[in-house]
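Scroll down for the structure; my scribbles are underneath it.
Dropping the structure here:
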């Protein structure tokens with residue numbers, strides 16, 4: 001919810017021209033002319049005159065409900081909700097399972113969250129940044145970015161968005177003493193100041209679990225920015241860190257504990273299967289259960305039909321023989 005609404009704040013307004021489809025003089029011909037009542041272009045001497053205009057079903061007409069630039073493009077998001085979302089994204093970035101499910105290559109890194117010394121903030125050369133990432137075993141995530149570079153599918157190729165690639169690590173620093181220049185030329189890297197954390201960068205696409213590399217001072221500053229469960233935030237007015245919904249997240253252990261098991265009823269071993277209802281009018285076996293005489297009735301009906309069919313065939317054969325005899329007698333008399 002928060003990510004969706006924040007993402008809307010960078011939209012650029014678009015609309016069709018206010019005059020589109022109405023730049024012609026047209027009026028309906030009215031009824032009694034055996035044509036539709038849509039407005040028609042005035043005048044003569046051209047194919048355009050007499051053609052339908054203005055309507056969204058007409059060639060050269062305006063669209064239905066023309067888009068306007070004064071649409072409500074942006075959204076206001078509650079500050080506490082934004083902070084809650086950022087706290088959730090930061091918490092998820094410390095869970096290896098969520099980070100790996102996002103696609104980051106963190107199998108060989110020493111720890112998560114990954115915190116480095118403050119001297120990294122003073123790096124000014126890209127080769128220093130590359131060497132650091134290789135020492136931290138985080139270069140595998142950059143190699144994934146290189147391998148994912150490809151052409152965009154769709155119309156974005158025509159709109160200066162030709163190439164796309166995966167996301168790499170997110171470098172979070174406290175002070176920029178050159179760290180931006182050192183890391184900015186490495187593909188997939190995102191740089192964030194700890195004082196201006198951006199949810200759209202911490203959870204790209206609305207999916208939590210971004211691989212974050214922290215400097216030591218930035219990581220320490222989180223307690224002042226968002227507080228802890230023991231004290232409120234010092235850099236925000238009366239803000240407390242969100243509490244856990246569960247104090248113990250091991251749900252299986254909770255359910256199997258003696259306290260819970262005592263309160264639960266014993267499992268029902270006896271299974272009651274519902275009998276499938278069958279239509280006796282379509283199923284003879286069920287009808288016989290309800291009415292044993294139905295079998296005799298069905299048999300009598302079949303025999304009666306067979307007897308009637310045999311009588312009809314015999315009658316038809318006799319009639320055919322009479323016609324043949326009459327024809328033979330007629331031919332003899334004529335001869």
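Residue numbers (the working numbering): 1 to 335. The C-beta atom is built at its ideal place from N, Cα and C for all residues, glycine as well. For clarity, every value in this text was computed on a predicted model and none was experimentally measured.
How many angstroms separate the CA atom of residue i from the CA atom of residue j?
i, j, result
"residue 95", "residue 212", "11 Å"
"residue 208", "residue 199", "9 Å"
"residue 210", "residue 41", "59 Å"
"residue 262", "residue 246", "21 Å"
"residue 31", "residue 38", "10 Å"
"residue 100", "residue 204", "14 Å"
"residue 216", "residue 125", "20 Å"
"residue 254", "residue 264", "13 Å"
"residue 284", "residue 295", "8 Å"
"residue 153", "residue 244", "41 Å"
"residue 70", "residue 85", "29 Å"
"residue 269", "residue 275", "19 Å"
Flag this pair as yes or no: are the beta carbons of residue i and residue j separated by less than 8 Å?
i, j, result
"residue 221", "residue 177", "no"
"residue 194", "residue 218", "yes"
"residue 82", "residue 179", "no"
"residue 214", "residue 172", "yes"
"residue 89", "residue 202", "yes"
"residue 77", "residue 5", "yes"
"residue 166", "residue 134", "no"
Among residues of its own chain, excluding the 5 on either side of residue i, which ones have a beta-carbon nearer than 8 Å to its beta-carbon?
i, result
"residue 336", "Nothing can be reported for residue 336, as the shown portion of the chain is limited to 1 through 335."
"residue 28", "37, 38, 39, 40"
Near residue i, which residues of its chain fall below 7 Å by C-beta distance, leaving aside the five closest residues on each side in sequence?
i, result
"residue 73", "8, 11, 13"
"residue 58", "38, 52"
"residue 343", "Given a span of 1 to 335 for the chain in the structure shown, any question on residue 343 remains unanswerable."
"residue 161", "152"
For residue i, collect the residues of the same chain with a Cβ closer than 6 Å to its Cβ; drop the 5 residues on either side in sequence, then sort them by chain order.
i, result
"residue 129", "123, 182, 183"
"residue 343", "With the chain covering only 1 through 335, there is no way to say anything about residue 343."
Go ahead and pull the three-state DSSP assignment for residue i.
i, result
"residue 85", "helix"
"residue 249", "coil"
"residue 150", "strand"
"residue 52", "strand"
"residue 216", "helix"
"residue 190", "strand"
"residue 99", "helix"
"residue 313", "helix"
"residue 182", "helix"
"residue 115", "strand"
"residue 173", "strand"
"residue 288", "helix"
"residue 341", "One cannot answer for residue 341 here, as it falls past the ends of the chain, which runs 1 to 335."
Taking three-plus beta-carbon pairs below 8 Å as touching, is the segment 233 to 242 in contact with the segment 138 to 148?
-> no
Looking at C-beta atoms only, is the number of pairs between the segment 84 to 98 and the segment 110 to 118 that lie closer than 8 Å three or more?
-> yes
Would you be able to state if there are at least three C-beta pairs under 8 Å between the segment 20 to 29 and the segment 48 to 60?
-> yes
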